[in-house]
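Quick note: the sequence shown uses my numbering, first residue 910, plus one each step.
Where a beta carbon is used, it is the ideal one built from N, C-alpha and C, also for glycine.
From a predicted model like this one, the values you see are computed outputs, not experimental measurements.
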Amino acid sequence: MAIRENKYQANYDSQTATVVCKGTLDLRGKDGYKEIAELFDHVVNQPDLPTDITLDVRELEFLNSSGITTLGGFIIKLRNKGGARLIVKCSNKYSWQERSMKGLEKLMPDGLSLIFE
């Protein structure tokens, strides 16, 4: 499943159980993030949920508060479903990632790992 727009891309590779988000996600509200939320729901609702799921945001330059809320919803759904860990690959290049991702870590304290590169 893939989403490609002018300013951003998001896709899920089921072979590697990896969601990759790139570009600038500055969409408006819940409706603006509908496609991204559907991609996250697709990952959570797989019949054979992988044990480890990777979210790669190393090339995501910006994510607004609506996007952080959408990402938080994804993390909560994974936590509630159980049986999967989320590994988030972040970049030291973008200061927002450290602030925001560390806050999201609280939503899944035993199953979320942050990796900064």
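- Under the criterion of beta carbons closer than 8 Å, residue 1021 and residue 995 qualify as touching, at roughly 5 Å.
- Short of 8 Å from the beta carbon of residue 959, and not among the five residues preceding or following it, lie these beta carbons of its own chain, in chain order: 926, 993.
- With 16 or more neighbouring CB atoms inside 10 Å of its own CB, residue 1006 falls in the buried class.
- When secondary structure is reduced to three states using DSSP, residue 1022 falls in the strand class.
- Inter-residue distance for residue 947 and residue 940 is about 11 Å (C-alpha atoms, whole angstroms).
- For the pair residue 964 and residue 928, the Cα-to-Cα distance works out to about 5 Å.
- Taken through DSSP and simplified to helix, strand or coil, residue 958 comes out as coil.
- Going by C-alpha positions, residue 1014 is about 19 Å away from residue 968.
- The straight-line gap separating the alpha-carbon atoms of residue 1024 and residue 983 is approximately 18 Å.
- Rounded to the nearest angstrom, the gap between the Cα atoms of residue 917 and residue 930 is 7 Å.
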